[in-house]
Amino acid sequence: MKTERSKQLFARAKRVIPGGVNSPVRAFGSVGGVPRFIERGKGCRVWDVDGNEYIDFVGSWGPLIAGHANPAILKAVRSAMSKGTSFGAPTELEISLAETIRDAVPSIQKLRMVSSGTEATMSALRLARAATGRDRVLKFEGCYHGHVDALLLGAGSGVATLGIPGSPGVPSSYANLTIQAPYNDIEAVRSAFQKWGEQIACIIVEPMAGNMGFVPPVAGFLEALRACCDEYGALLIFDEVITGFRLGWGGAQKHFGVKPDLTCLGKVVGGGLPAAAYGGRGDLMGQIAPEGPVYQAGTLSGNPLAMAAGLATLELLAKPGAYEQLGAVSARITSGLEQLAVEIGVPLCTASAGGIFGFFFHEGPVTNFTEAADAHPARFKRFFSSMLEQGIYLAPSPYECGFASLAHRPRDLNRTLEAAQVALEKAARVR
Ligand SMILES: *Cc1c(COP(=O)(O)O)cnc(C)c1O
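Position one of the sequence shown corresponds to residue -13 (this note's numbering), numbered consecutively onward.
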């Protein structure tokens, strides 16, 4: 596979952009090789600058649930764009997207649009601290909530991939307010609350973890978090930046029937443009400025192009059968991989739900970050490189999940599994 042009661009990028990329995992640090510079995408496919074609399971890290350059989304964005790109004044599109989200997500009565998932979690955290008058927050090891200072500790994916525990530049007085517990460990949560219960403003959690690979919650885990928060007067924040509108209409909270106080959304709700949101109980959201004293603002918040892309995406997802289709894509990949792994004799465990799937080179089950980190990184690396060489584009890290789209067709999945057979055979030879 020719990668000359990507190589040249990467060298040029590195001279002007730190590491040559605008988000660390894109640099292929943990898998080696040249990051592919992408020229265009269509449906489930992307083409790089050397003309190589790939079936894409990254989907811009989640937003592109309808595939690349979806005609309905492009049309909506074009139509919005023809009227101007930004006004810094309210528009009707913002209300329409907010209403759609409110009607879909059980715990959301009111919400605020922002431009990234990081902004959503940062703002939800500020609100939780303001509403409770408490400073401490509890998060889970391996959950990533954006690059918010207080939430970078043990933050899975990018951070874990780099092998750094948190980040220099986060004041220890901040990090000290963050309590960490292993994912799915309710006993650890209870003992943290016994110790600091009256000081904990909130628990923030990915209700299905997607940043240490794909790790679903064990039965009763989310219910126990809800109960703990209620007992101690803390708030429960679901970070549904991945799961919102990807796991199903209404997200993980609808799927599991557990209501958080606040919810963070991103990725899919922006339809491939920069939009995210946080929302929840009306009395809490009423504390956000200008209705209340908790300040939060944004020059491009509710941007009309992003609102149009988000709305058009949700319209596609609202069609009957959309989530069944996504679920079938994810399940076909994971069941296909499992079957191949058994035939080849390489330990592999998988999980899938809605438009999300994941796999670990591990006997399983994988229920937390320690177990995820115990999977075989060298095998993943070999598997990843072989898949890429064969034109299958997976996230370049063992700590990410795979994203299905409405544009993946059965023949794309067959091709993917044919490639996976070759890649798994290679991975199996790695000791
Ligand atoms: C991607 C992600 C974020 C951060 O969103 P950005 O738009 O990248 O800032 C937050 N939480 C979760 C669960 C995510 O996967």
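Here a beta-carbon is modelled for each residue, glycine too, at the ideal position from N, C-alpha and C.
All figures in this text were calculated on a predicted structure; none of them were measured in a lab.
Query	Result
Can you determine whether any heavy atom of ligand 1 sits closer than 7 Å to the C-beta of L228, and answer yes or no?	A small correction: the amino acid at residue 228 is Ile; Leu does not occupy that position in the sequence shown. Indeed, a heavy atom of ligand 1 lies less than 7 Å from the Cβ.
Could you check if A358 belongs to the surroundings of ligand 1, using beta carbon to heavy atom distance under 7 Å?	no
Checking 8 Å against the spacing of the C-beta atoms, do V191 and C129 come in under that value?	yes
In three-state DSSP terms, what is V32?	strand
Here's the rule: buried if 16 or more other CB atoms are within 10 angstroms of the residue's CB, otherwise exposed. What is T336?	buried
Checking 8 Å against the spacing of the C-beta atoms, do G331 and Y309 come in under that value?	no
Comparing the CB of T164 with every heavy atom of ligand 1, is any distance shorter than 7 Å?	no
Is it the case that the Cβ atoms of V227 and G103 are separated by a distance below 8 Å?	yes
Using the C-alpha atoms, what's the distance from F23 back to N289?	27 Å
May I ask which residues mark the beginning and end of the alpha helix (DSSP H) holding P57?	57 to 67
Is any heavy atom in ligand 1 found nearer than 7 Å to the beta carbon of A262?	yes
In angstroms, rounded to a whole number, what distance separates the CA positions of A210 and L248?	17 Å
Would Y379 and V44 be called neighbours here (beta carbons separated by less than 8 Å)?	yes
Quick check on the burial criterion: 16 or more other C-beta atoms within 10 angstroms. Buried or exposed for M67?	exposed
With distance defined between alpha-carbon atoms, name the residue in R26, L208, W235 nearest to P306.	W235
Measuring alpha carbon to alpha carbon, tell me which residue in P382, R417, A393, T402 is nearest A58.	A393
Cutting at 6 Å between CB atoms, please list the residues of its own chain near T86, excluding the five before and the five after it.	L300
Under the three-state reduction of DSSP, which class applies to S153: helix, strand or coil?	coil
Kindly indicate which residue of L410, A414, K412, A390 has the alpha-carbon position closest to the one of D42.	A390
With P363 as the anchor, note down where its alpha helix (DSSP H) starts and where it stops.	363 to 375
Would you mind stating whether S338 and A317 have Cβ atoms separated by less than 8 Å?	yes
Excluding the 5 residues flanking R88 on each side, which residues of the same chain have their C-beta closer than 6 Å to its C-beta?	I94
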